[in-house]
Amino acid sequence: MSAPPLTLYKQLMREAKRFQNYNFREYAIRHVRDDFRRNAGLQGESAARELEHGRLELEKLRRMATGKHAMED
Amino acid sequence: MPSRPRARAQDSETLDKVREIISEQLGVDLDKVAADAKFVDLGLDSLDTVEIMMALEEQFTITLDEEGTEEINTVQEAADMIAGLK
Chain A
1 MSAPPLTLYK QLMREAKRFQ NYNFREYAIR HVRDDFRRNA GLQGESAARE LEHGRLELEK
61 LRRMATGKHA MED
Chain B
1 MPSRPRARAQ DSETLDKVRE IISEQLGVDL DKVAADAKFV DLGLDSLDTV EIMMALEEQF
61 TITLDEEGTE EINTVQEAAD MIAGLK
């Protein structure tokens with residue numbers, strides 16, 4: 001059983017928490033949490049695939065954070 | 001319960017805040033989060049611990065280094081770590 005990618009989790013959580021809109025924020029946080037828990041037991045190829053999915057999500061969130069959902073003005 | 005010297009009085013505030021954050025993460029009542037409780041016994045896994053450390057960083061306006069947080073196994077240890085940074 002491999003350990004969960006905690007750094008990616010933290011990075012995703014950071015981005016999720018940046019949403020100004022309460023509903024977006026709560027949805028994003030729950031989404032990250034649920035995905036990581038659901039994929040916890042994965043190994044090998046499927047684990048690698050989900051990891052890549054997570055990284056793409058992170059990039060997407062980072063791009064969004066500079067748009068209208070940004071915390072900073 | 002032994003009485004504590006005055007210097008620790010501020011730490012009980014820290015401890016209570018830590019307990020509060022953990023109880024929120026777990027979704028349980030505060031009184032279920034004892035100071036000497038181990039994270040693992042409370043049902044917290046490594047993902048929960050990441051979120052708790054992030055909440056602590058936000059609450060106390062500090063930065064925790066990841067290596068240090070790996071050694072935190074109880075509620076009291078988390079509070080002690082923060083008290084040491086203030």
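For the record, the sequence lines run as chains A and B. Under UniProt numbering, the first residue of the first sequence carries the number 1, and numbering increases by one thereafter. Under UniProt numbering, the first residue of the second sequence carries the number 1, and numbering increases by one thereafter. The beta-carbon is built from N, C-alpha and C at its ideal position, and this holds for glycine as well. Just so it is clear, the structure is predicted and the values come from calculations on it, not from any experiment.
Boundaries of the alpha helix (DSSP H) harbouring B:I82: 75-85, taken from the DSSP string. A straight-line Cα-Cα distance of about 19 Å links B:T14 and B:L42. Looking at A:N23, A:R55, A:R49, A:E45, the one whose alpha-carbon comes closest to that of A:T7 is A:R55. At a cut-off of 8 Å, the C-beta of B:V28 has no neighbouring C-beta in chain A. Within 7 Å of the CB of A:P4, the CB atoms of chain B belong to S46, L47, in sequence order along the chain. Using a Cβ-Cβ cut-off of 8 Å, B:V50 counts as an interface residue toward chain A, since at least one Cβ of chain A sits closer than that to its own.
At the C-beta level, B:S46 and A:P5 stay beyond 8 Å of one another. Counting along the chain, B:G43 sits inside no alpha helix (DSSP H), nor does DSSP assign it H or E at all. Secondary structure remark: continuous alpha helix (DSSP H) runs of at least 4 residues inside the UniProt domain "Complex 1 LYR protein" (5-53) of chain A, in chain order: 6-16, 22-38.
Interface flag for A:K60 against chain B is unset, since no Cβ pair is found closer than 8 Å. Using a Cβ distance threshold of 8 Å, A:L42 and A:E52 do not count as a contacting pair.
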